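Numbering (the numbering used here), first residue to last: 991 to 1110. Everything below concerns the one structure shown next.
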């Protein structure tokens, strides 16, 4: 059974979703701060935590771990099969996920940068 979400499993899309692909720089209106236009970087342990939250048991083991794109691909495949893909995408694109890159910003700056990044 094929799903329209299967397109998300391409390595190019996985690189966007795991934070590897940048699309330039967003400059704040004050001209003093910039942030890369990209999804938040998801490291192996974080991807395992997300997998566990969505019901896919995953454990990160240093030295014997999968690549980050493999963890994300496994999670996407699981979510597609379980009908949870839209929930996973909502989670990944939630403003809270961007808090690390935008931690020294005002609420207005966070809203502006988040809206620009997610629209790009």
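Quick reminder that beta carbons are idealized off the backbone N, C-alpha and C, glycines included. Since the structure is predicted, the reported quantities are computational estimates derived from the model, not experimental observations.
Item: Segment contact flag, the segment 1014-1029 with the segment 1080-1094, C-beta cutoff 8 Å, min 3 pairs; Value: yes
Item: The segment 1038-1048 touching the segment 1063-1077, judged by at least three CB pairs closer than 8 Å; Value: yes
Item: In chain order, each beta strand (DSSP E) run of at least 3 residues that lies wholly inside the segment 1007-1031; Value: 1015-1017, 1024-1026
Item: Assumed close pair residue 1070, residue 996 - CB separation to whole angstroms, cut-off 8 Å; Value: 7 Å
Item: Beta carbon of residue 1033 nearer than 8 Å to that of residue 1058; Value: yes
Item: Alpha-carbon spacing of residue 1052 relative to residue 1035, whole angstroms; Value: 9 Å
Item: From 1095, 1108, 1107, residue whose alpha carbon lies closest to that of residue 1020; Value: 1095
Item: C-alpha distance - residue 1103 paired with residue 1050, whole-angstrom precision; Value: 31 Å
Item: Alpha-carbon to alpha-carbon, residue 1002 and residue 992; Value: 19 Å
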